[in-house]
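Take a look at the structure set out below.
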Amino acid sequence: MAEDVFKALADPTRRRILDELAERNGQTLFEICARLVTKHGLGLSRQAISQHLAVLESAGLVRSRRQGRYKFHDLNTAPLEHIVTRWLNTDTPESTP
32 MAEDVFKALA DPTRRRILDE LAERNGQTLF EICARLVTKH GLGLSRQAIS QHLAVLESAG
92 LVRSRRQGRY KFHDLNTAPL EHIVTRWLNT DTPESTP
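In the numbering used here, the protein residues as written are 32 to 128.
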């Protein structure tokens, strides 16, 4: 699972999508596309952004939910918290070189 997270975070466009969701959660595809164009100058197609969202969703970093005819995307930080606690766990003994 951590490998999927690192692969998803490797792409700068996906990191920008996560930044936008961190700033304002619960956005539609149209809203994400509009924010990427206006704030970052990324002129990607909706299909390209949708593919990036699919990668983020498969890594568990984004959750999508349907309300009526709209699909909203939310940031899920649980996979990141899992990775951070892996290396910041103070209970493990330090290794000696």
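All C-beta atoms in this analysis are idealised placements derived from N, C-alpha and C, irrespective of residue type, glycine included.
Could you spell out where the beta strand (DSSP E) holding I106 opens and where it closes?
Against the sequence shown, residue 106 aligns to sequence position 75. For the sequence presented, residue 106 should be read as Leu rather than Ile. Note, L106: beta strand (DSSP E), Y101 to L106.
Start and end of the alpha helix (DSSP H) containing Q98?
The residue you call residue 98 lines up with position 67 of the sequence shown. Element bounds for Q98: not the alpha helix (DSSP H) but the beta strand (DSSP E), V93 to Q98.
Helix, strand or coil for T127? Go by DSSP, reduced to three states.
The count along the sequence shown starts at 1 and reaches residue 127 at position 96. The pLDDT assigned to T127 is 47, lower than 50, so where the model puts this residue is not dependable, and the model offers no usable value.
Could you pull out every residue in the same chain whose Cβ sits closer than 6 Å to the Cβ of R45, ignoring the five residues on either side in sequence?
Sequence index remark: in the sequence shown, residue 45 carries index 14 (1-based). Closer than 6 Å at Cβ, skipping near neighbours: A39, H83 and L87.
Does the distance from the CB of D105 to the CB of R94 come in under 9 Å?
Translated into the one-based positions of the sequence shown, residue 105 becomes position 74. Translated into the one-based positions of the sequence shown, residue 94 becomes position 63. Yes, these two residues count as a Cβ contact at 9 Å.
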